[in-house]
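Peer 1:
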Amino acid sequence: MASRRSPSPPPAASRAGRVALVGRPNVGKSTLLNGLVGEHLAIVSHHPQTTRERVAGVVNDGPLQMVLVDTPGQHTAKNRLGQRMNQEVADAMAGADVIVLVSDVTETPTPTLPALDAAIAASAPPGKPVILVVSKIDRVKIKGDLLPVLAGRAAAFPFAAVVPLSAKKRDGLERLKQEIASRLPDGEKLLDEEAISDRPSRFFVREYVREQVLRRTRQEVPHGVAVTIDRWEESPKLTRIDVTVHVDKESHKKIVLGERGLLMKDIGTRARERAEALLGQKIMLKIWVRVTPRWYESDKLLAEFGYGDEG
């Protein structure tokens, strides 16, 4: 039917895809994910290998949807857990449409550092665009010092783009979004528009507990810590959650508990507050600490603790 009204503009084409955030340990991948999504999804600490599993965060912007996948730091595995963590990285890159390699500008320059980043980029499936992000630029006091670092790292691999940024200061995030969006395929959104992640609430609660243990304990404890959920009972006004913190040694148990159990009480309070913000309701969180020696070498326990399939 003819109409005198001006024709409406055609709807914008939808773009959607998965974006793998990869790199060496402690370069800022999790902070970048949280900054892009605008939620504290991925746990953060100063300890290497804080991230053990892929964690997806969703960014919706009109017809655009980015499913950003945080990954463990690529490293030389020393046990079965480390091997599974490296496999998580490979799987994330295999399933991604765009790969973002994160490199920390504050790392002490060495002749091999750009080559290490280039090796990770080169392990991406052929034909997939790899964007280099040089992170933590807010820590560079003299901006002129940044240019040679960018040039040196960019020269190590044919990156699709190079983006310097500071996730904490939100400097460079919009440009990174644009670089990613321009390389995503046309298509329908992968996840519901209301979703902020593809992980269930249980995953985040156990990660919040582990995050607080990492932040509050000594260097020797974090690599031997795992958290399991033993009970999850929901009601309209209260969710009751029981968790176990598994440690490698009896001495680690004493550290996690703290004097008269005060450290564990603080860990529980902080984790509960984070969980209540996520679930939007009151939580009764109870935490036990158990010595489970060398759990990170057992395929059976790794599967029980959520780190991949048994076998």
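Mapping of the sequence shown onto my numbering: position 200 corresponds to residue 220, and the numbering continues sequentially without gaps. Glycine is no exception: its CB is placed at the ideal position from the N, C-alpha and C atoms. Remember, it's a predicted structure, so these values are computed and weren't measured experimentally.
1. Taking C-alpha atoms, which residue in G93, V150, P131, P145 lies nearest to L121?
2. Examine the Cβ distances between the segment 51 to 68 and the segment 167 to 175 and report whether three or more of them are shorter than 8 Å.
3. Where E199 and Q103 are concerned, what is the direct C-alpha to C-alpha distance, given to the nearest angstrom?
4. Going by the DSSP bridge assignment, what does K306 pair with across the sheet?
5. In angstroms, rounded to a whole number, what distance separates the CA positions of H66 and P134?
6. Would you call the segment 121 to 131 in contact with the segment 94 to 102, where contact means no fewer than 3 C-beta pairs closer than 8 Å?
7. Report, in whole angstroms, the separation of the C-beta atoms of L49 and T91, which I expect to be a contact under 8 Å.
8. Please check the pair G43 and M86, which I expect to be a contact at CB under 8 Å, by giving their CB distance rounded to whole angstroms.
9. So what does DSSP say about P184, is it helix, strand or coil?
10. Please classify S271: is it buried, with 16 or more other beta-carbons within 10 angstroms of its beta-carbon, or exposed?
11. Tell me the residue span of the alpha helix (DSSP H) that contains I287.
12. Helix, strand or coil: which one does DSSP assign to Q85?
13. Judging by CA-CA distance, which residue of G326, S318, I249, L167 is the nearest neighbour of I307?
14. Look up T96 in the DSSP assignment and say whether it is helix, strand or coil.
Peer 2: In short:
1. Residue 121 sits at position 101 when you count from the first residue of the sequence shown. The residue with the shortest Cα to Cα distance from L121 is V150.
2. Here the segment 51 to 68 makes no contact with the segment 167 to 175; the two share fewer than three CB pairs at distances below 8 Å.
3. Translated into the one-based positions of the sequence shown, residue 199 becomes position 179. Translated into the one-based positions of the sequence shown, residue 103 becomes position 83. Cα-Cα distance, rounded: 31 Å.
4. Locating residue 306 in the sequence shown gives position 286, counting from the first residue. Answer is D262, bridged to K306.
5. Residue mapping note: residue 66 aligns to position 46 of the sequence shown, counting from 1. Residue mapping note: residue 134 aligns to position 114 of the sequence shown, counting from 1. So the alpha carbons of these two residues sit roughly 22 Å apart.
6. The answer is no - the segment 94 to 102 does not touch the segment 121 to 131, with fewer than three Cβ pairs under 8 Å.
7. Residue numbering aside, residue 49 sits at position 29 when the sequence shown is read from its first letter. Residue numbering aside, residue 91 sits at position 71 when the sequence shown is read from its first letter. Note that residue 49 is Lys in the sequence shown here, rather than Leu. By a beta-carbon distance limit of 8 Å, K49 contacts T91. Their separation comes to about 7 Å.
8. Translated into positions along the sequence shown, residue 43 becomes position 23. Translated into positions along the sequence shown, residue 86 becomes position 66. That pair is no contact at about 18 Å.
9. For the purposes of this step, residue 184 is taken as residue 164 along the sequence shown, with counting starting at 1. Annotated three-state conformation of P184 is strand, per DSSP.
10. The residue you call residue 271 lines up with position 251 of the sequence shown. Exposed: under 16 other Cβ atoms inside 10 Å.
11. What you label residue 287 is simply residue 267 of the sequence shown in a count that begins at 1. 282 to 299 is the span of the alpha helix (DSSP H), which, as asked, contains I287.
12. By 1-based counting over the sequence shown, the position of residue 85 is 65. Residue state for Q85 is assigned as strand, using DSSP reduced to three classes.
13. Stepping through the sequence shown from its first residue, residue 307 is reached at position 287. Considering only G326, S318, I249, L167, the residue with the shortest C-alpha distance to I307 is I249.
14. Here residue 96 refers to the residue found at position 76 when the sequence shown is read from its first residue. Three-state result, T96: coil.
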